[in-house]
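Numbering (the working numbering), first residue to last: 1 to 143.
Right, here's the structure in full:
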């Protein structure tokens, strides 16, 4: 049998779990690192040439890493642009931790870095978390 103090703690804990739902049972670190669903395709060292350099349409490449806060901030913007420019612009993401060769080839020293490629050539580079308007202005120059 529980003492009255133990019973109060148990009911208080149960109430806090009920109020906060599933999130209370998932560790905070796991919730922070959970990857959102993405509309943007991912590329890596092995398929970068085919997906980006040989593309018939302009390509926006988002160089990012999962641990990078500013990268996670602009990820939804890149996904929105991917949908808005569907058929006119291809948007892809390249994880610099998993694909260091391409990142090195293009001199990526800071992330997020967004590059625009057209006809297999790098046309423009944007470094850092920037507003959507800045990305749109850059994209529009190459369509």
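Positions of the beta carbon are idealized from the N, C-alpha and C atoms, including for glycine.
On a predicted model such as this, the values are computed, not experimentally measured, just so you know.
Contact set for residue i: own chain, Cβ-Cβ below 6 Å, skip 5 residues either direction
i, result
"residue 113", "63 and 127"
"residue 99", "44 and 45"
"residue 74", "112 and 129"
Per-residue burial, residue i [other beta carbons within 10 Å of its own, 16 or more giving buried]
i, result
"residue 16", "Summary for residue 16: the model assigns pLDDT 41, below 50, so the residue's position carries little reliability; its value from the coordinates is reported in the next sentence. Result: exposed."
"residue 53", "exposed"
"residue 131", "exposed"
Beta-carbon spacing of residue i, residue j below 9 Å
i, j, result
"residue 105", "residue 66", "no"
"residue 139", "residue 108", "no"
DSSP three-state assignment for residue i, whether helix, strand or coil
i, result
"residue 113", "strand"
"residue 42", "strand"
"residue 126", "strand"
"residue 79", "helix"
Residue i: first and last residue of the uninterrupted alpha helix (DSSP H) it sits in
i, result
"residue 105", "100-105"
"residue 135", "132-140"
Residue i, enclosing beta strand (DSSP E) - first and last residue
i, result
"residue 94", "90-95"
Spatial neighbours of residue i in its chain, beta-carbon cut-off 8 Å, leaving aside the 5 residues before and after
i, result
"residue 42", "92, 93, 94 and 95"
Nonlocal neighbours in the same chain, by C-beta distance under 7 Å from residue i, ignoring five residues either side
i, result
"residue 77", "132 and 135"
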